[in-house]
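Chemist: To start, I am sharing the structure in question, which I have written as structure tokens.
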């Protein structure tokens with residue numbers, strides 16, 4: 001039995017501007033890193049909208065998807081809404097395969113770009 | 114008869130083991146000329162199987178047990194077995210994965226088998242055609 005290796009670089013950054021909180025997630029979102037997305041959602045209070053940018057997310061599994069659904073619930077509880085932008089590659093495919101895309105709100109055009 | 118290359122890993126069934134084992138299994142497969150597809154499907158299916166063990170395998174214990182993985186690559190197939198010595202894959206009502214993991218695995222693999230281990234535990238076998 002070996003100890004877990006250190007995780008590959010995973011980053012969550014948050015930027016607030018005029019009532020919009022933009023959260024960018026980089027790396028792999030799974031059971032090991034999902035709590036960090038949840039922690040970042042603490043900044044959602046007082047924001048009308050939260051935008052989660054997945055353009056730099058290279059991998060996501062069901063635990064990661066669950067973290068996104070939890071983040072949406074947290075944004076709603078804080079009186080705002082949450083939308084996903086820029087899912088790409090393996091993440092986009094996972095969202096389609098899981099059949100849960102309808103439970104999340106996606107913006108086809110990123111207002112920040 | 115084409116050779117079959119096999120490797121085994123074992124780790125504590127804790128969240129930090131999931132990315133570590135996932136990467137090692139994918140690196141092993143890629144090192145034996147497994148390419149896209151099914152490498153991305155392998156990455157996701159293995160992650161779901163490992164996460165199942167972390168979430169469900171030892172939920173009746175104070176301390177987590179082991180999760181072990183055996184990957185085999187042959188000329189025309191790839192097989193990964195993820196096993197535990199605990200309660201196995203049975204779903205629970207408060208599942209953090211919302212019960213999505215196993216149905217997703219079923220969509221990613223060619224064949225899947227879940228069976229008890231003796232004297233205890235469960236293993237899930239994931240098979241991909243190459």
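Residue numbers (our numbering), protein chains in the order written: chain A, 1 to 113; chain B, 114 to 243.
For glycine and all other residues, C-beta sits at the position ideal for the given N, C-alpha and C.
Does any CB atom of chain B fall closer than 7 Å to the CB of residue 13(A)?
Modeler: Cβ-Cβ to chain B under 7 Å: no for residue 13(A).
Chemist: Under 7 Å between beta-carbons, which chain B residues line up against residue 31(A)? List them in chain order, please.
Modeler: Per Cβ cutoff of 7 Å: 128, 131, 164 and 167.
Chemist: If contacts are defined as beta-carbon pairs under 8 Å, then residue 182(B) and residue 138(B) qualify, I think. What distance do you get, rounded to the angstrom?
Modeler: Confirmed, about 6 Å.
Chemist: With DSSP as the reference, identify every bridge partner of residue 138(B), one or two as the case may be.
Modeler: Looking at the DSSP assignment, residue 138(B) forms no beta bridge with any residue, so it has no partner.
Chemist: Give the residues of chain A in contact with residue 155(B), contact being defined as C-beta atoms less than 7 Å apart.
Modeler: The premise fails here: residue 155(B) is roughly 11 Å from chain A at the closest Cβ pair, so nothing lies under 7 Å.
Chemist: Leaving aside the five residues before and after residue 48(A) along the sequence, list all residues of the same chain whose C-beta is less than 6 Å from its C-beta, in chain order.
Modeler: Counting only Cβ-Cβ distances below 6 Å, and skipping sequence neighbours, we find 19 and 80.
Chemist: Beta-carbon of residue 120(B) versus every beta-carbon of chain A: anything under 7 Å?
Modeler: No, its Cβ sits nowhere closer than 7 Å to a Cβ of chain A.
Chemist: DSSP state of residue 239(B), grouped into three classes?
Modeler: Strand.
Chemist: Out of curiosity, what's the CA-to-CA distance linking residue 171(B) and residue 111(A)?
Modeler: So the alpha carbons of these two residues sit roughly 45 Å apart.
Chemist: Can you have a look at residue 118(B) and say buried or exposed, based on whether 16 or more other CB atoms are within 10 angstroms of its CB?
Modeler: Classification for residue 118(B): exposed.
Chemist: Mind checking which residues open and close the alpha helix (DSSP H) that includes residue 156(B)?
Modeler: Per DSSP, residue 156(B) belongs to the alpha helix (DSSP H) from 152–165.
Chemist: Which ranges would you report for the beta strand (DSSP E) in the segment 13–60 of chain A if only whole runs of at least 3 residues count?
Modeler: You should have 20–29, 49–53 and 57–60.
Chemist: Taking only the alpha-carbon atoms, compute the straight-line gap between residue 185(B) and residue 106(A) and give it to the nearest angstrom.
Modeler: Using only the alpha carbons, I get a separation of about 39 Å.
Chemist: Kindly indicate which three-state DSSP category residue 3(A) falls into: helix, strand or coil?
Modeler: With a pLDDT of 48 at residue 3(A), under the threshold of 50, the predicted position of this residue should be treated as unreliable, though the coordinate-derived value follows. Coil.
Chemist: What are the residues in the segment 78–108 of chain A lying within 9 Å of chain B by C-beta distance?
Modeler: Those residues of the segment 78–108 of chain A that come within reach of chain B (Cβ to Cβ, closer than 9 Å) are 89, 90, 93, 94, 97, 98, 99 and 100.
Chemist: Give the interface partners of residue 220(B) over in chain A, defined as CB-CB distance under 8 Å, in chain order.
Modeler: Within 8 Å Cβ-Cβ: 97.
Chemist: Do residue 98(A) and residue 213(B) have their C-beta atoms closer together than 7 Å?
Modeler: Yes, the Cβ-Cβ distance between residue 98(A) and residue 213(B) is below 7 Å.
Chemist: Use the C-beta contact count for residue 1(A): other C-beta atoms within 10 angstroms, 16 or more gives buried, fewer gives exposed.
Modeler: No answer about residue 1(A) holds up, because its pLDDT of 49 lies below 50 and its placement is not dependable.
Chemist: Under 8 Å by Cβ, that's how I've got residue 78(A) and residue 44(A) pegged, so tell me the actual separation to the nearest angstrom.
Modeler: The Cβ separation is near 5 Å, so the contact holds.
Chemist: Do residue 133(B) and residue 30(A) have their beta-carbon atoms positioned less than 7 Å apart in this structure?
Modeler: The answer is no: Cβ separation not under 7 Å.
Chemist: Can you pull the chain A residues whose beta carbon is under 7 Å from the beta carbon of residue 217(B), in chain order?
Modeler: Simply 62, 97 and 98.
Chemist: Please give me, in chain order, every unbroken run of the alpha helix (DSSP H) with length at least 4 that falls completely inside the segment 54–95 of chain A.
Modeler: Here the runs fully enclosed are 62–77.
Chemist: Assuming the contact rule is C-beta atoms closer than 8 Å, residue 131(B) and residue 40(A) should be a hit. Round their C-beta distance to whole Å, please.
Modeler: Actually they do not touch by this definition, with Cβ atoms about 20 Å apart.
Chemist: Taking just the CA atoms, how far does residue 15(A) sit from residue 52(A)?
Modeler: Roughly 11 Å between the two C-alpha positions.
Chemist: So residue 170(B) contacts chain A; which residues on that side make the cut at Cβ distance below 9 Å?
Modeler: The premise fails here: residue 170(B) is roughly 13 Å from chain A at the closest Cβ pair, so nothing lies under 9 Å.
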